[in-house]
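First up is the structure itself, then whatever we jot down about it.
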Amino acid sequence: MTVQSATGRGEGPTTDADNEIVIPEVGVLLYDNPNECTSGHASVNGSPATHVRLHSDLANNVIWVTNGAWSQFMVQGHRNVHNLRGSDFFRTNITQIGADLGLDMNTTNSAQVAPTISLIASRTFKLLAECYEWKPNEIANAEKLHQNIKSRFPRDVNLNNPALERGLQAAYQTDSATSKADFIADSVFLTLRMNRLAHAKRVMSCPVPEDAWEYIPGVALPSSQRERLAFCLSHEHPVLAEVLVDMSRADSQYAALSAFGQKASSRMVLREWVSHPELLWLSRFAPVEIKSVFRSSRYVALPERMQLPVAMTSDPLLELSYSAGLLAENHWMSLASDEYNKITKRKLLSSRAVWLRAADRALCFALAKKAVDRGFVVTGYGTGAVRVRIQRSELFQALEFAIENQLVAPNFSRIIHAGDADAAAAA
Numbered sequence: 271m272t273v274q275s276a277t278g279r280g281e282g283p284t285t286d287a288d289n290e291i292v293i294p295e296v297g298v299l300l301y302d303n304p305n306e307c308t309s310g311h312a313s314v315n316g317s318p319a320t321h322v323r324l325h326s327d328l329a330n331n332v333i334w335v336t337n338g339a340w341s342q343f344m345v346q347g348h349r350n351v352h353n354l355r356g357s358d359f360f361r362t363n364i365t366q367i368g369a370d371l372g373l374d375m376n377t378t379n380s381a382q383v384a385p386t387i388s389l390i391a392s393r394t395f396k397l398l399a400e401c402y403e404w405k406p407n408e409i410a411n412a413e414k415l416h417q418n419i420k421s422r423f424p425r426d427v428n429l430n431n432p433a434l435e436r437g438l439q440a441a442y443q444t445d446s447a448t449s450k451a452d453f454i455a456d457s458v459f460l461t462l463r464m465n466r467l468a469h470a471k472r473v474m475s476c477p478v479p480e481d482a483w484e485y486i487p488g489v490a491l492p493s494s495q496r497e498r499l500a501f502c503l504s505h506e507h508p509v510l511a512e513v514l515v516d517m518s519r520a521d522s523q524y525a526a527l528s529a530f531g532q533k534a535s536s537r538m539v540l541r542e543w544v545s546h547p548e549l550l551w552l553s554r555f556a557p558v559e560i561k562s563v564f565r566s567s568r569y570v571a572l573p574e575r576m577q578l579p580v581a582m583t584s585d586p587l588l589e590l591s592y593s594a595g596l597l598a599e600n601h602w603m604s605l606a607s608d609e610y611n612k613i614t615k616r617k618l619l620s621s622r623a624v625w626l627r628a629a630d631r632a633l634c635f636a637l638a639k640k641a642v643d644r645g646f647v648v649t650g651y652g653t654g655a656v657r658v659r660i661q662r663s664e665l666f667q668a669l670e671f672a673i674e675n676q677l678v679a680p681n682f683s684r685i686i687h688a689g690d691a692d693a694a695a696a697a
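Take the sequence shown: its letters are residues 271 to 697, numbered as in the working numbering.
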């Protein structure tokens with residue numbers, strides 16, 4: 271397979287045209303008003319930004335990732351424009367990418383920040399082309415990057431067990447959101463992020479169930495709840511447990527932090543089931559009553575084909591690359607997402623996806639607990655990050671916390687202002 275950039279193609283005919291994979295150029299369009307999705311500043315591969323009136327002014331041979339508000343992006347039909355992508359194309363919102371880097375993403379600064387973000391987007395696409403096998407016109411042909419990567423893997427197999435499928439759906443939680451923290455004077459909201467590539471490696475090291483399940487009703491389990499919990503936690507086999515969580519008798523601080531069944535957006539199905547990884551840490555902070563169990567035959571490692579590409583793991587210095595981190599995050603997210611079945615007309619959810627999400631939330635909960643112990647107000651966590659609200663006088667404490675826990679974002683050098691040192695000294 272030959273891979274080359276769209277701008278680096280030879281002009282003469284080639285005999286290997288059928289096998290030639292062209293990497294599409296990728297640019298960023300930052301709208302002047304994300305709620306209108308009309309004019310804005312555009313940049314490709316780090317080039318100086320130019321102002322355009324409408325998306326029709328953009329080059330047609332470039333994939334343009336925008337910062338448009340989702341509702342307006344949909345209403346105006348931009349989702350159906352061949353070369354426009356939504357703000358969450360990279361899963362991490364364009365605005366959040368800028369925040370990770372400490373950039374001022376105010377729309378008045380679009381001309382200054384667009385080149386930086388477009389350079390990251392271009393580098394991510396180049397890695398994407400190098401890391402996976404592609405056919406012509408397959409790169410970036412999906413609405414989101416993780417969906418594009420998911421097409422590289424075999425389709426998930428239908429479990430043909432409605433009860434098990436309902437249990438997996440009820441155990442699946444993508445993120446955790448605690449009660450919203452109101453803005454107060456001289457405070458900031460920060461996303462404290464673990465190294466994406468290192469986090470992807472940790473999440474994907476989690477063993478997953480082999481899909482050979484048996485159902486164990488409550489009458490076949492030990493009689494006491496203590497013995498039932500011990501049966502599940504000490505078992506070497508993967509378990510999916512139907513539970514009743516009694517938060518009224520829980521450790522109030524950490525139970526609230528667990529945010530059981532609470533997501534940042536969109537309501538989920540009733541959380542009546544938990545996976546083995548979630549049960550391990552949830553049972554430490556809240557009383558859990560186990561009603562029944564699905565048990566798998568054994569744990570297995572992720573198949574070699576689903577592991578991170580060698581190109582992303584062979585060089586430890588790649589952990590310093592923001593683009594490599596974005597790609598690694600989208601890789602594991604593709605394995606931890608549901609899949610639409612065109613035949614049955616419904617979404618399928620694999621046990622692998624449930625286990626990987628639970629592993630991610632467990633790692634993030636551990637970091638969120640440390641943040642709470644430090645005195646920060648945690649508003650949510652998931653996908654390798656913890657969101658906190660802190661006073662500006664606490665920014666230096668947050669910087670120390672980030673260093674202690676090897677966090678890579680945000681870029682405090684662009685967030686801490688001259689007056690913050692005085693505020694910290696006076697606190």
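All C-beta atoms in this analysis are idealised placements derived from N, C-alpha and C, irrespective of residue type, glycine included.
How long is the line joining the alpha carbons of residue i and residue j, rounded to whole angstroms?
i: Thr-362; j: Thr-461; result: 12 Å
i: Leu-550; j: Leu-503; result: 6 Å
i: Arg-565; j: Ala-598; result: 30 Å
i: Lys-615; j: Lys-639; result: 40 Å
i: Ser-620; j: Val-515; result: 24 Å
i: Thr-378; j: Pro-680; result: 21 Å
i: Asn-428; j: Ala-623; result: 14 Å
i: Glu-542; j: Ser-446; result: 16 Å
i: Thr-365; j: Glu-574; result: 34 Å
i: Met-271; j: Pro-294; result: For Met-271, the pLDDT reaches just 46, beneath the cut-off of 50, and the residue's location in the model is therefore unreliable, although a value from the coordinates is still provided. Near 16 Å, if we compare the C-alpha coordinates of Pro-294 and Met-271.
i: Ser-494; j: Pro-487; result: 14 Å
i: Ala-691; j: Leu-665; result: 9 Å
i: Phe-360; j: Glu-497; result: 45 Å
i: Thr-320; j: Met-582; result: 33 Å
i: Asp-327; j: Thr-448; result: 43 Å
i: Ala-369; j: Tyr-569; result: 38 Å
i: Ala-629; j: Leu-637; result: 13 Å
For residue i, name the three-state secondary structure that DSSP assigns.
i: Ala-410; result: coil
i: Phe-360; result: coil
i: Ala-686; result: Going by the sequence as given, residue 686 is Ile instead of Ala. Ile-686: coil per DSSP, three-state reduction.
i: Ala-451; result: coil
i: Trp-404; result: coil
i: Arg-472; result: helix
i: Gly-650; result: strand
i: Ser-620; result: coil
i: Asn-600; result: helix
i: Gly-488; result: helix
i: Ala-392; result: Looking at the sequence shown, residue 392 is not Ala but Ser. DSSP places Ser-392 in helix when its eight states are reduced to three.
i: Gly-595; result: helix
i: Met-582; result: helix
i: Ala-606; result: coil
i: Thr-378; result: helix
i: Thr-284; result: The pLDDT assigned to Thr-284 is 47, lower than 50, so where the model puts this residue is not dependable; a value taken from the coordinates is nonetheless given after this. Coil.
i: Phe-564; result: strand
i: Phe-459; result: strand
i: Leu-677; result: strand
i: Arg-425; result: coil
i: Ser-663; result: helix
i: Gly-437; result: helix
Buried or exposed for residue i, please, with buried defined as at least 16 other CB atoms from any protein chain shown within 10 angstroms of its CB.
i: Pro-304; result: buried
i: Glu-281; result: In this prediction, Glu-281 scores a pLDDT of 45, lower than 50, which makes its location untrustworthy; no coordinate-derived value is stated.
i: Asp-452; result: exposed
i: Thr-284; result: The predicted position of Thr-284 is uncertain, since its pLDDT is 47 and thus under 50; a value taken from the coordinates is nonetheless stated next. Exposed: under 16 other Cβ atoms inside 10 Å.
i: Asn-411; result: exposed
i: Val-678; result: buried
i: His-416; result: buried
i: Ile-454; result: exposed
i: Asp-456; result: exposed
i: Lys-450; result: exposed
i: Phe-343; result: buried
i: Ala-580; result: At residue 580 the sequence reads Val, which differs from the Ala that was named. So Val-580 counts as exposed.
i: Val-489; result: exposed
i: Glu-512; result: buried
i: Gln-382; result: exposed
i: Cys-433; result: The sequence as given places Ala at residue 433; Cys does not occur at that position. Exposed: under 16 other Cβ atoms inside 10 Å.
i: Leu-324; result: exposed
i: Ala-688; result: exposed
i: Arg-393; result: buried
If you measure from the beta carbon of residue i to each beta carbon in chain C, is any gap under 7 Å?
i: Glu-664; result: Checking the listed chains, one finds no chain C in this structure; it contains a single protein chain.
Compute every distance between the C-beta of residue i and the non-hydrogen atoms of the ligand FAD, then say whether any falls below 6 Å.
i: Val-647; result: Among the components modelled here there is no ligand, and therefore nothing to report on the ligand FAD.
Entirely within the segment 509-560 and at least 3 residues each: give me those beta strand (DSSP E) ranges in chain order. Runs of the beta strand (DSSP E) inside the segment 509-560: 509-515, 543-545.
Would the segment 302-317 count as touching the segment 333-345 if we require 3 or more Cβ pairs under 8 Å? yes
With a threshold of 8 Å, are at least 3 pairs of Cβ atoms found where one atom belongs to the segment 473-491 and the other to the segment 666-680? Result no; under three Cβ-Cβ pairs closer than 8 Å.
Counting Cβ pairs, one atom from each stretch, are 3 or more of them under 8 Å apart for the segment 578-593 and the segment 482-501? no
Go through the segment 312-372 residue by residue and report every complete run of the alpha helix (DSSP H) that reaches 4 residues or more, in order. Counting only runs of 4 or more, we get 340-345, 364-370.
Would you check if there are 3 or more beta carbon pairs closer than 8 Å linking the segment 339-358 to the segment 306-318? yes
May I ask you to verify whether the segment 624-639 touches the segment 428-443, counting CB pairs closer than 8 Å and requiring at least 3? yes
Pairs of beta-carbons, one from the segment 363-375 and one from the segment 386-393, closer than 8 Å: are there three or more? Flag = yes, the segment 363-375 and the segment 386-393 touch.
For the segment 602-618 against the segment 527-541, are there 3 or more C-beta pairs whose distance is under 8 Å? no
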